[in-house]
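Enquirer: This is the structure, below, for whatever I ask next.
Numbering (the numbering used here), first residue to last: 958 to 1238.
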């Protein structure tokens, strides 16, 4: 029995890794380089690209796998444009605004929103062409206007032939009313959404979260909602921590326990089946 036990220990110690590689119905760990990814985050109206640039060290401080040696952080700058609502005052903005606060009756600058979506898609395309990071390893997100653009790019402009994004983050944003066509089923399945909103938001009204989430969940999108006791501003560390956990989970998904157990058992069985004659067990 002692010799048999020793043989079993040696067998498991030397062969289990190869069993996971060779056996059918197994979980394959990421290949070298597959853990690279990117976060593209769009600021809100009147802000600049530096307004959220601290995310590149705040997110890794909460989830170390999001460090800059693995994850690229991109903070695009919105063009300066005249805002109708403010008497055509020139400010950095992704698209025009006509009504304030943002609610279910707000009019949309569809052309401006479409241009912003195309700009974001160009950034994602350049990540793949220049950095080798595919869309499936990119999380897009934004604050307020930036969040609206990120959701439109994620769910309404991705065709079946394109890779869906890894995930989308909406902080205090809204889903523009004019974009009512269906979400591609493949995109809905592959791109989860985090929607965080302040309960006392008087700029993008709080009920925009419930309305947008209802629309997206009907399309089959997996939506995680977070609500904070604040107005339009970010809820500081709690909101950033929730974002970090979401991004970490979509870029580095955990293997479900039942799947890991089943694959472990299958691999051990395969190992024994392949080596029974060799070890005379």
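Just so it is clear, CB atoms sit at the ideal spot from N, CA and C, and this is done for glycine as well. Since the model is a prediction, treat every value here as computed from it, not as a measurement.
Which same chain residues, not among the five before or five after residue 1059, have their C-beta less than 6 Å away from its C-beta?
Expert: Once the five neighbours on either side are set aside, the close Cβ partners of residue 1059 are 1131, 1161.
Enquirer: Around the C-beta of residue 1216, are 16 or more other C-beta atoms found within 10 angstroms, so that it is buried, or is it exposed?
Expert: Because the pLDDT at residue 1216 is just 44, under 50, the model does not fix this residue reliably, and the value given afterwards should be weighed accordingly. Exposed is the call here.
Enquirer: Excluding the 5 residues flanking residue 1046 on each side, which residues of the same chain have their C-beta closer than 6 Å to its C-beta?
Expert: Excluding residues within five positions, the ones whose Cβ falls inside 6 Å are 1040.
Enquirer: Could you pull the start and end residues of the beta strand (DSSP E) that residue 1153 belongs to?
Expert: Looking at the DSSP string, the run of the beta strand (DSSP E) that includes residue 1153 is 1150-1155.
Enquirer: Kindly identify the DSSP beta-bridge partner or partners of residue 1181.
Expert: Paired residues: 1151.
Enquirer: For residue 1047, which residues does DSSP report across the bridge?
Expert: Residue 1047 is bridged to 1039.
Enquirer: For the alpha helix (DSSP H) that contains residue 1075, what are its first and last residues?
Expert: Element bounds for residue 1075: 1067-1088.
Enquirer: Between which two residues does the alpha helix (DSSP H) carrying residue 1204 extend?
Expert: Looking at the DSSP string, the run of the alpha helix (DSSP H) that includes residue 1204 is 1193-1208.
Enquirer: Does the beta-carbon of residue 1096, which I'm using as the reference point, lie nearer than 7 Å to any heavy atom of the ligand NAP?
Expert: Although the ligand NAP was asked about, the structure shown includes no ligands whatsoever.
Enquirer: Could you have a look at residue 1112 and say whether DSSP puts it in helix, strand or coil?
Expert: The answer is helix: DSSP assigns residue 1112 an H, G or I state.
Enquirer: For residue 1096, write down the residues that DSSP places opposite it in a beta bridge.
Expert: Note: residue 1096 sits in a beta bridge opposite 996, 1124.
Enquirer: Could you tell me the distance, in whole angstroms, from the CA atom of residue 1042 to the CA atom of residue 1076?
Expert: So the alpha carbons of these two residues sit roughly 23 Å apart.
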